[in-house]
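Peer 1: Here it is: the structure, laid out below.
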Amino acid sequence: MVKIHAAGVNDWDLGLLYGKPIFMRLFIGLFRPKIAIIGCEIAGVVEQIGSEVTRFKPGDKVYGDLSDSRFGGYAEFVSVRHDALAHMPSNLSFAQAVAIPHAGLLALQGLRDIAELSQGQSVLINGAGGGLGTLGLQYAKLFKARVAGVDSERKQEYM
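Under the working numbering, the residue at position 27 of the sequence shown is numbered 33, and the numbers go up by one with no gaps.
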């Protein structure tokens with residue numbers, strides 16, 4: 007169980023909240039929601055662990071993406087599978103850490119799993135100054151690709 011100190015708001019949460027695009031209602035409830043508490047990105051402190059959990063202990067600072075764990079990030083506490091969490095880097099605040107999980111997974115899956123980006127390849131990150139794009143730039147550099155990014159002039163400082 008995690009005591010939540012920060013929860014993110016992203017497109018996935020808004021889709022659950024408003025039932026858009028309309029086909030989402032087939033998954034989240036046609037007339038009333040199947041998900042009681044939304045919120046997929048969290049950062050907080052482990053309060054309790056299950057008997058088989060070895061990666062975490064009470065008091066550990068963690069962050070994670072709950073989109074595969076029934077959500078619940080907008081609650082005060084959430085019971086979550088240990089594989090949806092990671093140890094929070096010590097140099098980040100809860101507010102900073104909570105911005106990483108959902109966008110970070112999307113960027114990683116897009117570059118590693120779909121594009122199969124590797125060393126020496128070229129990649130253009132469109133929207134490189136946004137939440138997903140800034141992480142995409144960092145992953146592409148980690149993969150030792152040749153990286154170019156574009157975004158509006160007001161976001162240049164983030165690229």
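For every residue, glycine included, the Cβ atom is placed at its ideal position computed from N, Cα and C.
All of these numbers come straight from a predicted model, not from anything done at the bench.
(1) Answer yes or no: do Phe149 and Leu123 have a C-beta to C-beta separation smaller than 8 Å?
(2) Have a look at Ile44, Ile34, Asp71, Lys161 and flag the residue whose alpha-carbon is nearest the alpha-carbon of Gly50.
(3) Three or more beta-carbon pairs under 8 Å between the stretch 32-40 and the stretch 60-74, yes or no?
(4) List the whole-angstrom C-beta distance separating Ser75 from Val86, where the pair is believed to meet the contact cut-off of C-beta under 8 Å.
(5) Leaving out five residues on either side along the sequence, give the residues of the same chain with a beta carbon under 8 Å from the beta carbon of Gln54.
(6) Let me know the secondary structure DSSP gives Arg152 once reduced to three states.
(7) For the alpha helix (DSSP H) that contains Leu20, what are its first and last residues?
(8) Between Trp18, Tyr164, Phe83, which has its C-alpha nearest Ala219's C-alpha?
(9) When we look at the beta-carbon of Phe77 and count the other beta-carbons within 10 Å, is it buried (16 or more) or exposed?
(10) Roughly how many angstroms separate the alpha carbons of Ser158 and Tyr145, rounded to a whole number?
(11) Between the C-alpha atoms of Ile120 and Ala42, what's the straight-line distance to the nearest angstrom?
(12) Output the boundary residues of the alpha helix (DSSP H) element that contains His93.
(13) Can you give me the Cβ contacts of Lys40 inside the same chain, cut-off strictly under 6 Å, excluding the 5 residues immediately before and after it?
(14) Restricting to Cα atoms, I'd like to know which of Leu32, Val104, Gly133 is closest to Cys46.
(15) Using 8 Å as the threshold, is the stretch 111-120 in touch with the stretch 87-100, meaning 3 or more CB pairs across them?
(16) Would you identify the three-state DSSP class for Leu80, choosing helix, strand or coil?
(17) Would His108 be called buried (16 or more neighbouring beta carbons within 10 Å of its own) or exposed?
Peer 2: According to the structure shown:
(1) yes
(2) Minimum Cα-Cα distance from Gly50 among the listed residues Ile44, Ile34, Asp71, Lys161 corresponds to Asp71.
(3) no
(4) Going by Cβ atoms, the distance from Ser75 to Val86 rounds to 5 Å, so yes, they are a contact pair.
(5) Met7, Pro64
(6) strand
(7) First-last of the alpha helix (DSSP H) with Leu20: 17-24.
(8) Residue numbering for the chain in the displayed model covers 7 to 165; residue 219 lies beyond these limits and cannot be assessed.
(9) buried
(10) 21 Å
(11) 32 Å
(12) Run containing His93: none in the alpha helix (DSSP H); it sits in the beta strand (DSSP E), 91-93.
(13) Ile34
(14) Relative to the Cα of Cys46, the nearest Cα in the group Leu32, Val104, Gly133 belongs to Val104.
(15) Contact between the stretch 111-120 and the stretch 87-100 is absent, because fewer than three Cβ pairs lie under 8 Å.
(16) The sequence shown places Tyr at residue 80, not Leu. Coil at Tyr80, not helix or strand.
(17) buried
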